[in-house]
Amino acid sequence: MNVLVFADSDNGKVAKAAYEAASYGATIASRSGGKATLVTYGRVDNLNELAQYGISDILHAESVDHVDPMQLAALTEAAVQSSGADLVIFSHDYTGKTIAPIVSARMKAGMVTGAIDYPSLEGDFIVKTNVFSGKAFAHVKINTAKKIITLLPNSVSKEKIEASANVTAFAPDLGNASVSIKETKIKGGDGIILTEAELVVSAGRGLKAPENWGMIEELAHELGAATACSRPVADVGWRPHHEHVGQTGIAIRPNLYIAVGISGAIQHLAGVNGSKVIVVINTDPEAPFFKAADYGIVGDAFEVVPKLIAAVKELKASQS
Amino acid sequence: MNILVCISKAPDTTSKITFKDNNTSFNEDGVQFIVNPYDEWYALVRALELKEAQGGKLTIISVGGADYETIMRKALAIGADEAVRVDAQPLDAFQVASEIAAYAADKGFDLVMAGKETIDYNGAQVGGMIAALMHLPYVSNATKMDVAGSEATVERDKQGGTEVLGVSLPAVISAAKGMAEQRIPNMRGIMAARSKPLQVIASCAPQRLTETVHYELPPEKGGVKLIDPDNVNELVNLLHNEAKVI
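Those sequence lines, one after another, are chains A and B. The numbering used here applies: residue 1 is where the first sequence begins, and numbers increase by one. The numbering used here applies: residue 1001 is where the second sequence begins, and numbers increase by one.
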């Protein structure tokens, strides 16, 4: 089947999650004897890297410089027409979650959001997805000829190959903008975006006061990790709300999640239970988080974390 | 202002998730159902605040069987004026969005609001589909919203930051944390909710684009490997050599 991958772009770059979506789409195309096309927009300096994930054709709508959802949906539809795609892949991030349902309803293309594996290509087209906030999986069948999948980040491994892609300038009519941008605020910090991070260091009430976060930030910095927090510390303003992971905050699924001084209430677990490896550091051996953890240290964060920073530095030194 | 808020039913967060009929359907036995938190805490409460400040009417709509009426009465107790239940089993996001769009088509709503996703199927689909079906602008993941005249100013999360958008009404907005604070219904609200109108309308029998074939529970965790707090190097060693994540 022919596959179209939508790649979000920002600040002159295709988003990191788009590489995984590109690899996923290209793999499905090659397994089913089709072709993989990618559509992106705005100024993009790293287009050629996408070819290395198996994309043969890139439609580049350079003149589209803002993120009106209706226009990006129209762009995707035009790219489906142009590429003859049967299946459209989005990354399950803010942009993908916004546009994919619009495209689905307009094209009456059945959609599965938050996919975590490749679809079955023999017989029925069935996609495995996360449901009940990660507490279960559903296998969902798409009944329509045109299909849409949004891929949960960190779900499949990226296959890199030597290749190049044909880049075609693309300028379909997208209609009028339905929203206007008044202001954009980019968050500071180490520049590692929490939802894209492969490693995350998170802390909770066990840290006792906001000024104690220095060691958490240092550990994150040494690991190249993003920082996160539990709901109570975001609610009292110790940490910014955008760091709050859990049921009502954001859900993440990094390769490694280190939780320091977080008890592991079910609402918190709902945001992190897709993590591949969970490390829990807590003084309370009865903390429920230990039941969901792969590795645990029962101990005082103020003693354990500095030792952990030193051990990570040692590992890095031995590798360089 | 005339506002429609989409309300979905969801199992309480602490529910044990199990399946029945050979893992083809969710086992509701013993499960406590709540209003989906994103629909209630954020969409419904912010809609109420806007109505209280500017006047107008707040309608809630659900697509579901008679069992939905308990959670719909709760939304009325929190402060919605009237409720509409589309009598159909919700099985697919496009089906639900089609029912809501068909009802809302000729009612002149200034705002259609929903939570950013439900906590059971986590699809994040219905809001955008309603916008597409009604040809209205859509802003997702809104964390703040104000309305002045026929223009809404909406702050929403984006990758690595936030964005403030202007959008002309009518529009469809999906709500995330930050929009409002949870409200607990008081006794007066609960009493009033009993006599507020709850209209049941027939399904427009829309198409379904997907179906869930079966469910699966994740494998049990193998159990935690505890490491001595005096031997933190061992943790780094395991993460590097065994788990291979650093």
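We put the CB at the ideal spot given by N, CA and C, even for glycine. Values in this document were obtained by computation on a predicted structure and should not be read as measured data.
Check your understanding: Comparing the C-beta of D294(A) with each C-beta of chain B, is any distance below 8 Å?
Key -> yes
Practice item. Could you tell me if the beta carbon of D45(A) falls within a distance shorter than 7 Å of some heavy atom in the ligand SAM? Key: For the ligand SAM, the structure offers nothing, since it holds no ligand at all.
Review point. Who are the neighbours of G1128(B) on chain A, taking C-beta pairs under 9 Å?
Key: P69, A73, K97, T98, I99, A100, P101, I102, V103, S104 and A105
Exercise for review: Check whether the region 84 to 104 of chain A touches the region 150 to 159 of chain A, taking contact to mean three or more Cβ pairs, one atom from each stretch, closer than 8 Å.
Suggested key: yes
Practice item. Quick one: which residues of the region 1011 to 1044 of chain B get their C-beta closer than 7 Å to a C-beta of chain A? List them in chain order. Key: T1013, T1014, I1017 and P1037
Check your understanding: Does any CB atom of chain B fall closer than 8 Å to the CB of F290(A)?
Key -> yes
Point to revise | Outcome for G274(A) when other beta-carbon atoms lying within 10 angstroms are tallied against a minimum of 16 | key: Within a 10 Å sphere around the beta-carbon of G274(A) sit 16 or more other beta-carbons, which makes this residue buried.
**Study point:** When Q1089(B), Q1032(B), D1120(B) and Y1103(B) are compared against V1251(B), the one with the closest alpha-carbon
**Key:** The question about residue 1251(B) has no answer here: the residues shown for chain B are numbered 1001 through 1246.
Exercise for review: Over the uninterrupted alpha helix (DSSP H) stretch that includes R205(A), give me the two end residues.
Suggested key: Neither: R205(A) is in no alpha helix (DSSP H) and is coded neither H nor E.
Exercise for review: Note down the Cα distance separating V236(A) from E243(A), rounded to an integer number of angstroms.
Suggested key: 13 Å
Exercise for review: Give a yes or no on whether the minimum CB-CB distance between D10(A) and chain B is below 8 Å.
Suggested key: Look at D10(A): its C-beta is under 8 Å from a C-beta on chain B.
Review point. Distance, Cα to Cα, P1185(B) vs M1191(B)?
Key: 10 Å
Practice item. Quick one: measure Cβ to Cβ for V1035(B) and A1083(B), integer angstroms, because I've assumed they're closer than 8 Å. Key: Their Cβ separation, rounded to whole angstroms, is 12 Å, which puts V1035(B) and A1083(B) out of contact at 8 Å.
Review point. Comparing alpha-carbon positions, which option in T1162(B), P1037(B) and N1023(B) lies nearest V1005(B)?
Key: Closest by C-alpha distance to V1005(B), out of T1162(B), P1037(B) and N1023(B), is P1037(B).
Practice item. Count the other C-beta atoms from every protein chain shown that fall within 10 angstroms of the C-beta of I142(A), then say buried if there are 16 or more, exposed otherwise. Key: buried
Point to revise | Contact set between V179(A) and chain B, taken where Cβ atoms lie within less than 9 Å | key: By Cβ distance, chain B contributes P1137, Y1138, V1139, V1154, L1165, G1166, V1167, S1168 and A1171.
Practice item. Give the range of the beta strand (DSSP E) segment to which S1062(B) is assigned. Key: K1057 to V1063
**Study point:** Residue from G1160(B), D1120(B), D1029(B) and Q1125(B) with nearest C-alpha to A15(A)
**Key:** G1160(B)
Check your understanding: Which residue from V127(A), V39(A) and I309(A) puts its Cα closest to that of E217(A)?
Key -> Among V127(A), V39(A) and I309(A), the Cα nearest to that of E217(A) belongs to I309(A).
**Study point:** chain A within 8 Å of D1157(B), Cβ atoms only
**Key:** yes
Point to revise | Cut-off 6 Å between Cβ atoms - residues of its own chain near K1177(B), not counting five sequence neighbours on either side | key: Exclusion of the five residues before and after K1177(B) leaves no residue of its chain whose Cβ lies closer than 6 Å to its Cβ.
Check your understanding: Taking 8 Å as the CB-CB cut-off, is L199(A) touching chain B?
Key -> For L199(A), the answer is yes, since a Cβ of chain B falls inside 8 Å of its Cβ.
**Study point:** Which listed residue (D1228(B), N1022(B) and T1059(B)) has its alpha carbon closest to that of D300(A)
**Key:** D1228(B)
Review point. Where do the ends of the beta strand (DSSP E) carrying R1156(B) lie?
Key: Segment E1151 to K1158, the beta strand (DSSP E) holding R1156(B).
Check your understanding: Taking the continuous beta strand (DSSP E) assigned at F6(A), which residues delimit it?
Key -> V3 to F6
**Study point:** Span separating the alpha-carbon of A163(A) from that of Q52(A)
**Key:** Rounded to the nearest angstrom, the two C-alpha atoms are 5 Å apart.
Point to revise | Start and end residues, alpha helix (DSSP H) containing E303(A) | key: A301 to Q319
**Study point:** Under the three-state DSSP convention, the category M1001(B) falls into
**Key:** coil
Point to revise | Classification of N1241(B) by the beta-carbon crowding that lies within 10 angstroms, buried from 16 upward | key: exposed
Check your understanding: If we ignore side chains and look at the alpha-carbon of each, how far apart do T113(A) and D1230(B) end up?
Key -> 44 Å
Exercise for review: Assign H60(A) to one of two classes, buried (16 or more other C-beta atoms within 10 Å of its C-beta) or exposed (fewer than that).
Suggested key: buried
Review point. Can you tell which of S180(A), E196(A), H241(A) and F289(A) has the C-alpha that lies nearest to the C-alpha of A21(A)?
Key: E196(A)
Exercise for review: Give the DSSP-derived three-state secondary structure of N1233(B) in the structure shown.
Suggested key: helix
**Study point:** Touch test, the region 1009 to 1029 of chain B against the region 1091 to 1111 of chain B, Cβ-Cβ under 8 Å, three pairs minimum
**Key:** No, the region 1009 to 1029 of chain B is not in contact with the region 1091 to 1111 of chain B.
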